[in-house]
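Residue numbers (our numbering): 32 to 398. Contents: one structure, followed by commentary.
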Ligand SMILES: [Fe+2]
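Here's what the structure looks like:
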């Protein structure tokens, strides 16, 4: 028996913050960061929540156990009715982990988590995952639990209009990678396919516009929806080795996750398609969304080429060496990176069972 779980209510569109009105006057624990606190949408969130809001702004990129511990202490002191996470993946993940800690202590907010994403990328507003960095070892620890799922996601495009172009580009290519990897994942099913196909279509139609005209609310809405839909798909069926390799590289070199995915994705498409007829068929189907009527071979080639073209149009270079990764440092690190990618939780859902040598070959191809 298979299960496909969609447990988050999604409110979307430029008026979606009105969904917060039901908490007006209740005790609210609002998690965000220092920069987002200066944005106009933050003020609107605060006004909607009413007068009993405890704000925690101590979240930084790649949140660590220490800052999350501080947040948990504030959370427990506030005894909130609801937790509101207003931010990108780091803020949402931190709020989710704080809430889980409160749940484990039997002191959680009864209305759960409301997630308001400020980037179209990680999709943490609907996933059952969070990543916490152990400050002592610098190791990123993924946590998976149904307790980490937000009860309500508010997809207001106004929350993303201020995102800088390079972040729009990187996180948008992350969305594309989520959708493509979920589409060929071993456990892909009709439900994940529908979400992934639509997400791919939306990214190709709207990412470039978001990159060049960040204030286009219509394009921003579609990318925000694509991010959420791709996350619904991968939360249920998993990802693949593009993510495994990006996780390994990201632990070693300070390059944005989405940028690494954008560089690696076409190589992984070509690798998987060449070794697995079922994956080839799946990529061909996705490719035909972009080039209707193409043969299987042409559709797969077109899909990889279209991913490369889109990355280039949003300012992402085609090679790791052009993304601030020193070529000799990368060469030296390849065995370690390949081993880390092999052990990554995203490797088992990949349609091709890989070896460390395969993963090392992909890193060399993308270098
Ligand atoms: Fe990702």
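Each residue gets a CB set at the ideal place from its N, CA and C atoms; glycine is no exception. These numbers come from a predicted model, not from an experiment.
Bridge partner(s) assigned by DSSP for residue i
{"i": "residue 449", "result": "The chain is shown from 32 up to 398; residue 449 falls before or after that span and cannot be answered."}
{"i": "residue 97", "result": "BP columns for residue 97 are empty, so no partner."}
{"i": "residue 164", "result": "95, 171"}
{"i": "residue 116", "result": "62, 146"}
Short Cβ contact (8 angstroms threshold) for residue i with residue j
{"i": "residue 346", "j": "residue 200", "result": "yes"}
{"i": "residue 246", "j": "residue 159", "result": "no"}
{"i": "residue 114", "j": "residue 130", "result": "yes"}
{"i": "residue 375", "j": "residue 289", "result": "no"}
{"i": "residue 125", "j": "residue 94", "result": "yes"}
{"i": "residue 119", "j": "residue 148", "result": "yes"}
{"i": "residue 335", "j": "residue 297", "result": "yes"}
{"i": "residue 344", "j": "residue 239", "result": "yes"}
{"i": "residue 111", "j": "residue 85", "result": "yes"}
{"i": "residue 117", "j": "residue 61", "result": "yes"}
{"i": "residue 398", "j": "residue 279", "result": "no"}
{"i": "residue 294", "j": "residue 351", "result": "yes"}
{"i": "residue 161", "j": "residue 144", "result": "no"}
{"i": "residue 354", "j": "residue 369", "result": "no"}
{"i": "residue 188", "j": "residue 45", "result": "yes"}
{"i": "residue 233", "j": "residue 256", "result": "yes"}
{"i": "residue 275", "j": "residue 154", "result": "no"}
{"i": "residue 163", "j": "residue 96", "result": "yes"}
{"i": "residue 8", "j": "residue 63", "result": "Limits of the chain in this structure are 32 at one end and 398 at the other, which puts residue 8 out of reach."}
{"i": "residue 283", "j": "residue 364", "result": "yes"}
{"i": "residue 281", "j": "residue 203", "result": "no"}
{"i": "residue 251", "j": "residue 192", "result": "yes"}
Near ligand 1: residue i beta-carbon under 7 angstroms from a heavy atom
{"i": "residue 292", "result": "yes"}
{"i": "residue 255", "result": "no"}
{"i": "residue 288", "result": "yes"}
{"i": "residue 208", "result": "yes"}
{"i": "residue 91", "result": "no"}
{"i": "residue 218", "result": "no"}
{"i": "residue 274", "result": "yes"}
{"i": "residue 205", "result": "yes"}
Coil, strand or helix - residue i by DSSP
{"i": "residue 59", "result": "strand"}
{"i": "residue 158", "result": "coil"}
{"i": "residue 141", "result": "coil"}
{"i": "residue 81", "result": "coil"}
{"i": "residue 365", "result": "helix"}
{"i": "residue 90", "result": "coil"}
{"i": "residue 345", "result": "coil"}
{"i": "residue 171", "result": "strand"}
{"i": "residue 146", "result": "strand"}
{"i": "residue 135", "result": "helix"}
{"i": "residue 219", "result": "coil"}
{"i": "residue 273", "result": "helix"}
{"i": "residue 282", "result": "helix"}
{"i": "residue 70", "result": "coil"}
{"i": "residue 323", "result": "coil"}
{"i": "residue 317", "result": "helix"}
{"i": "residue 244", "result": "coil"}
{"i": "residue 260", "result": "helix"}
{"i": "residue 32", "result": "coil"}
{"i": "residue 382", "result": "coil"}
{"i": "residue 176", "result": "coil"}
{"i": "residue 297", "result": "helix"}
{"i": "residue 110", "result": "coil"}
{"i": "residue 339", "result": "helix"}
{"i": "residue 303", "result": "helix"}
{"i": "residue 355", "result": "coil"}
{"i": "residue 251", "result": "helix"}
{"i": "residue 201", "result": "helix"}
(request) Spell out a yes or no on whether the stretch 323 to 330 and the stretch 276 to 293 are touching, meaning 3 or more CB-CB pairs, one atom from each, closer than 8 angstroms. (result) no
(message) With three or more beta-carbon pairs closer than 8 angstroms as the criterion, would you say the stretch 72 to 81 touches the stretch 210 to 218?
(response) no
(request) Would you check if the stretch 220 to 232 and the stretch 307 to 326 touch, i.e. whether three or more CB-CB distances between them fall below 8 angstroms? (result) yes
(request) Count the CB pairs spanning the stretch 33 to 48 and the stretch 175 to 189 that are closer than 8 angstroms, and state whether there are at least three. (result) yes
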